[in-house]
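Trainee: Residue numbers (the working numbering): 5 to 188.
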Ligand SMILES: [Mg+2]
């Protein structure tokens, strides 16, 4: 078991325009590709864990989400990085059938984080999550992660650290994340 880095997607890896479901609306956030390259060099496994209620709400389909995810994996690889897996939750209680269920995959529930840990052999107690919503931080706490980092304009006392964008993850912090060190 090894430490891992779990990343929310919208508002962390890409600019959140609301229900981004297609490649033409996907814009990498500042520092995102660079972080993925540096994580790969540090042998730190990365997984994306993303709520995709836009599928339940009918704004885009699961195949469109899957196509966008495959495009993301290729773009990251072309930049010299690696994402080991992308987990998306298509469910939302207010959605349309068959997606209108309360799923333990949907953050703040920990289901996607637990799936990533199982699939990739991650030690969640030594792993880090970066997210932009309170539900991301709550999912990290529920799954027992070592560290939860919030991307936000104002400090979040529920997070171990608040940053304005991924460019704030310097090499010293990334090395601590890769070692699985607890937050200081
Ligand atoms: Mg988000």
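The beta-carbon is built from N, C-alpha and C at its ideal position, and this holds for glycine as well.
Please state whether the Cβ-Cβ distance between residue 173 and residue 39 is less than 9 Å.
Mentor: yes
Trainee: Residue 168: beta carbon under 8 Å from a heavy atom of ligand 1?
Mentor: no
Trainee: What I want to know is whether the C-beta of residue 135 ends up closer than 8 Å to one or more non-hydrogen atoms of ligand 1.
Mentor: yes
Trainee: Please indicate yes or no: does the CB of residue 15 lie closer than 8 Å to some heavy atom of ligand 1?
Mentor: yes
Trainee: What residue range is occupied by the uninterrupted alpha helix (DSSP H) comprising residue 142?
Mentor: 138–146
Trainee: Rounded to a whole number of angstroms, what is the C-alpha to C-alpha distance between residue 21 and residue 29?
Mentor: Their Cα atoms are separated by approximately 8 Å.
Trainee: Quick one: any contact between the region 59–71 and the region 85–105, if contact means 3 or more CB pairs under 8 Å?
Mentor: Yes, the region 59–71 touches the region 85–105.
Trainee: Just checking residue 140 against ligand 1 - is the residue's beta carbon closer than 8 Å to any of the ligand's heavy atoms?
Mentor: yes
Trainee: Using the three-state DSSP reduction, which class does residue 192 fall into: helix, strand or coil?
Mentor: As shown, the chain starts at 5 and ends at 188. That puts residue 192 outside it, with no answer to give.
Trainee: Tell me whether residue 123 is buried or exposed, calling it buried when 16 or more other Cβ atoms sit within 10 Å of its Cβ.
Mentor: exposed
Trainee: Could you tell me which of 183, 78, 188 sits nearest to residue 6, measuring between CA atoms?
Mentor: 183
Trainee: Quick one: what's got a C-beta closer than 6 Å to residue 73's C-beta in the same chain, skipping five residues either side?
Mentor: 90
Trainee: Let's see if you can read the secondary structure: which residues bound the alpha helix (DSSP H) around residue 121?
Mentor: 115–124
Trainee: Assuming residue 13 is part of the beta strand (DSSP E), what are its boundary residues?
Mentor: Looking at the DSSP string, residue 13 is not in any beta strand (DSSP E), and its letter there is neither H nor E.
Trainee: Could you compute how far the alpha carbon of residue 132 sits from the alpha carbon of residue 147?
Mentor: 11 Å
Trainee: Could you say which of 24, 176, 84, 43 lies nearest to residue 70 if we only look at CA atoms?
Mentor: 24
Trainee: State yes or no: is the C-beta of residue 155 within less than 9 Å of the C-beta of residue 134?
Mentor: yes
Trainee: Please state whether the Cβ-Cβ distance between residue 137 and residue 12 is less than 9 Å.
Mentor: yes
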